[in-house]
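All you need for this note's numbering is the position in the sequence shown, starting with 1, plus 12. First comes the structure, then the notes that go with it.
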Amino acid sequence: MSAFDICYPSVIRSEGGYVNNPRDNGGETNLGVTRRAWEAWTGKPASATDMRALTVAAVRPFYRAMYWNAIHGDSFAPALALCLFHCAVNAGPKRAAKMIQKVVGALPDGSIGPATIAAVNLWVATHGVRSAVSAYQNALRDFYHALPTFPTFGNGWLNRAKDVERQALEMA
């Protein structure tokens, strides 16, 4: 089983079903996929009915291309890849990249390429994957606390970060 196959169900469980919260900047969402992102992915408009009809199988290629591949998930230990994957989905691939780059002391340019991959894997080899997971999730929590929407969504974000860290440490 690939690391994506292991990590994908965790993200889908966290993202849940259809939501249209007016206080959420992402807008209408199903299985963690915003209408705007789905329309960009498919190249056609999506109605509320279309969004409600999304399935776990239908959004799988979207998640692989837009988030997993963007963070080069196959280049990292699965436990750490799980953390980056969740962050990419929740805060964007660039934010996920910058966060791991800061943790390992790489140039925080928001793009994961060969230099970042090497820096991350060296850091993990030196400090261990469990330390990498904890450091990354601590950085993520700090990021959440700094957001102006923290009072509205913060408890959910922190609960998710804690759950992802627990899952990742069980994998490590």
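From the three backbone atoms N, C-alpha and C, an ideal C-beta is built for every residue, glycine too. Since the model is a prediction, treat every value here as computed from it, not as a measurement.
For residue i, the first and last residue of its enclosing alpha helix (DSSP H)
{"i": "Thr67", "result": "Neither: Thr67 is in no alpha helix (DSSP H) and is coded neither H nor E."}
{"i": "Pro21", "result": "15 to 27"}
{"i": "Met183", "result": "162 to 183"}
{"i": "Lys56", "result": "Per DSSP, Lys56 belongs to no alpha helix (DSSP H) and is neither H nor E."}
{"i": "Ile129", "result": "126 to 139"}
{"i": "Val31", "result": "Where Val31 is concerned, there is no enclosing alpha helix (DSSP H), given that its DSSP letter is neither H nor E."}
{"i": "Phe88", "result": "Per DSSP, Phe88 belongs to no alpha helix (DSSP H) and is neither H nor E."}
{"i": "Pro105", "result": "105 to 116"}
Check whether residue i and residue j have beta carbons under 7 Å apart
{"i": "Ala93", "j": "Gly85", "result": "yes"}
{"i": "Val141", "j": "Ala108", "result": "no"}
{"i": "Val132", "j": "Leu181", "result": "no"}
{"i": "Pro90", "j": "Ile18", "result": "yes"}
{"i": "Ala60", "j": "Ile83", "result": "no"}
{"i": "Lys110", "j": "Pro120", "result": "yes"}
{"i": "Thr128", "j": "Ala118", "result": "yes"}
{"i": "Tyr79", "j": "Val115", "result": "no"}
{"i": "Tyr30", "j": "Arg64", "result": "yes"}
{"i": "Glu40", "j": "Asn33", "result": "no"}
7 Å CB neighbourhood of residue i in its chain, flanking five on each side removed
{"i": "Glu51", "result": "Pro57, Ala58"}
{"i": "Gln179", "result": "Ser22, Leu94"}
{"i": "Leu152", "result": "Cys99, Met111, Ala173"}
{"i": "Thr164", "result": "Arg35"}
{"i": "Ser123", "result": "Ala109"}
Own chain, CB closer than 6 Å to residue i, minus 5 neighbours either side, in chain order
{"i": "Gly38", "result": "Thr46"}
{"i": "Trp135", "result": "Val116"}
Cutoff 8 Å; reference residue i; Cβ partners in own chain excluding five residues on either side
{"i": "Phe162", "result": "Tyr156, Trp169"}
{"i": "Glu177", "result": "Cys95, Val145, Ser146, Gln149"}
Next on the checklist: I'd like to know if the segment 66 to 75 and the segment 33 to 47 are in contact, where contact means that at least 3 CB-CB pairs between them fall below 8 Å.
Outcome noted: yes
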